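Our numbering numbers the first residue of the sequence shown as 902 and each following residue consecutively.
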Amino acid sequence: MDLKRKLPVGIQDFEKLREEGYLYVDKTDIIYNLVHSGSSYFFARPRCFGKTLLLSVIEAYFKGRKDLFEGLKIEKLEEEWQEYTVLKIDFSTDVYSTEGTLEVTINTFLAEQEQRYGKHEERTTYAKRFEYIIQRAYETSGKPVVVLIDDYDKPILDAMFSPEESHNREVLRNFYSALNGNDYYLKFVFVTGISKFASVNVFNGSNKQKDISLYAGFNSLCAFTQEELASNFGEELSELAKANNLPYETFIRLFAKKYSGYCFCKNGEKLYNPFSVLNALSSQDMLSFWFQTGVPSMLIKILQNSKFDFFGILEGICVDADTIMDYKWTEDDLVSVIFQSGYLTIRAYDKDNNLFELGLPNGEVRDGFLKNLLPYYTSVGTTSKYGAEIALIRACLTNGDVSGFVARYRESVKNVQLIQRKKEDAETVYLIAFHSLLMLTGFVFYSGSSLAGNHNDIVVEAGKHAYIFEIKMDKGIALEDVEADAFARIEEKKFAAKYAGTDTSVHKVAIVFSSSKSELIGWKENNGAAANAKEGV
């Protein structure tokens, strides 16, 4: 559909956005408060969350480009526009997992600036060269200098779990140390990234940048509020509602469930990721845009090498304030790094106990998280195989075909012992695979806390069919006894009671894995239909 207005999909340059007539959601009042309330900041947000455009707006402001802010809120707030020298380095443009790439990026930046401000032959380290550039820029203009650094941590994150990680840390530590002790020459410093854990050793122990990542006043600095969505994109939202044959209010609830839910402060307003919103409205299609850009390689590397609370991520995790504020993480506690990556957000804050409840923000992120895990727990996961496999599973469940579903699931986990999981036991691997595949079907799904049970209890509602699954490990016990125990638990918990008196077909299914052979060894439905691996089901 040819909409009248130009949506800034992929536009990260503020000058281009304004001069070419793209729509801009005005954040300049927040930016005004930012630049007038401090001089050195660190700001973390997940990838594809508007950080680069934010830096471009700040750059235009400090270059005195009043013409670009005509009609925006800051035009009435700023009484005296001044021009400053802006030094900006963007680390997002390269991949830093190979030796020498980081050095090329830094040298290119420094060489370009040295052509403008000169080079001191005795200052040869990155820090001394950068420091001299800052000082010369100050002397040339007679004003302090603005330094903007985009994706400061990417060289470390790209190289995680490789020999280059420690090397890149040291290189950056040297480069960034130029910012220490040069306050006199600096007007404003703004550093963005995904994580802060990487900066513990990067800024040479000073960490003087004020971390505003979780400040309430900057919660929506790089995101859209519900009011901003409605007031800026009403035309596009109406068109998309019509395309989906839905009343506007019904559609908005569906849109929010898909794309909203982010929050970066205590008791803050729920927010939309601009990247997903702009792509959905521009294409007039509600696809999962954010995770299609690729799961952060950092996160995948960590999940491959560490243990994490899969079920806590799905259902919600309560953590103390230090975990959020300090960005601490270890191989056995990955909550903070998953939060930083954008797969968890703040759902609620318990003031009395100083606890945050974290959870997946929305349907887009949930599906992306599950899909990106599939290759590490099942044989499903490639782009070509993923959609077809989920469609087959959906068809089995829609048609009441328990045997077909079990066959699809067995096929997906038959080589699970070959999957390089370093921490989880076999039962956890099977449960994660089972949950992921079922949740990605889009059917109504209950498990764990939502059933007041454990994660071996799973209920799925697929049209006229409801499935009550009980997952068991044999642990050396006879298959028949394990199945009997599974059905006893289903009856004890009364999982089928809600369907009494309805026309829903209820399937009570016991699924049993071997604790010694790492394979599915049998299943049984309550009507007596049964099969095992030897019979080729």
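Glycine included, every Cβ here is placed at the ideal spot set by N, Cα and C. Only a predicted model underlies this, so the values are computations on that prediction, with no experimental measurement involved.
Bounding residues of the beta strand (DSSP E) (the contiguous stretch that carries S1406)
1406–1415
Opening and closing residue of the beta strand (DSSP E) in which D991 lies
987–991
Just verifying my parser: in three-state terms, what is the DSSP assignment at E971?
coil
How about E979 and K964: do their beta carbons lie closer than 8 Å?
no
Following the continuous alpha helix (DSSP H) through M1340, name the residue where it begins and the one where it ends.
1327–1340
In the DSSP output, which residue or residues are listed as bridge partners for D1051?
D991
Distance CB(V1410)-CB(F1346) smaller than 8 Å
no
Label Y1149 either buried or exposed according to how many other C-beta atoms from any shown protein chain fall within 10 Å of its C-beta, with 16 as the threshold for buried.
exposed
CA-to-CA distance, S998 to G1106, given in whole angstroms:
Since pLDDT at G1106 reaches only 49, below the 50 mark, its modelled position is unreliable, and the value read off the structure follows with that caveat. Answer to the nearest angstrom: the Cα atoms are 25 Å apart.
Once DSSP output is grouped into helix, strand and coil, what is the label at T1006?
helix
Would you grab the beta carbon distance between H1356 and L1298 for me? Rounded to a whole angstrom, and I think it's under 8 Å.
Incorrect: roughly 19 Å between the Cβ atoms, too far for contact.
Where S1063 falls: helix, strand or coil (DSSP):
coil
Per DSSP, what kind of secondary structure is K1399 in: helix, strand or coil?
helix
Just to confirm my understanding: we take R1267, look at its own chain, exclude 5 residues before and 5 after, and list those with CB closer than 8 Å. What are they?
L1215, L1261, M1340
Neighbourhood of L1073 by C-beta, 8 Å cutoff - its chain only, sequence neighbours within 5 removed:
L1003, Y1053, P1056, I1057, V1103
For a cutoff of 8 Å on Cβ pairs, would you count D1326 as touching chain D?
Among the protein chains of the structure shown there is no chain D, as only one such chain exists.
Comparing alpha-carbon positions, which option in E1065, E1032, D914, S940 lies nearest E960?
D914
What's the C-alpha gap between L969 and S1121?
21 Å
Classify V910 as helix, strand or coil using the three-state DSSP reduction.
coil
Indicate whether F943 and D1051 have their beta-carbon atoms separated by less than 8 Å.
no
Would you list the residues sitting across from A1363 in a DSSP beta bridge?
H1366
Counting only the same chain and skipping the five closest in sequence on each side, list residues whose C-beta sits under 6 Å from that of R919.
L969
Going by beta-carbon coordinates alone, are K974 and T1006 separated by less than 8 Å?
no
Thinking just about the alpha-carbon of each residue, which of A1222, E1328, Y1400, Y1244 is nearest to the one in F843?
Given a span of 902 to 1438 for the chain in the structure shown, any question on residue 843 remains unanswerable.
Around the C-beta of N1180, are 16 or more other C-beta atoms found within 10 angstroms, so that it is buried, or is it exposed?
buried
Are the Cβ atoms of N1263 and K1167 separated by less than 8 Å?
no
Would you say S1337 and L1275 are within 8 Å of each other, going by their C-beta atoms?
yes
Give the single residue among M1187, D1251, L1188, S1189 whose Cα lies nearest to the Cα of I1218.
D1251
Which residue's Cα is closest to the Cα of N1427: I1412, S1416, T1403, S1417?
I1412
Three-way DSSP call (helix, strand, coil) for Y1116 in this model:
coil
Under 6 Å Cβ to Cβ from E1136, same chain only, skipping five residues before and after it: list those, please.
none
Based on Cα-Cα distance, which residue from K1425, Y1039, E1258 lies nearest to K1088?
Y1039
Please classify L1188 as buried or exposed, where buried requires at least 16 neighbouring CB atoms within 10 angstroms.
exposed
For M1374, which beta-bridge partners are listed by DSSP?
F1414
Integer Cβ distance of I1359 from S1348, believed to fall under 8 Å
5 Å
Give the DSSP bridge partners of Y1347, in chain order.
V1360
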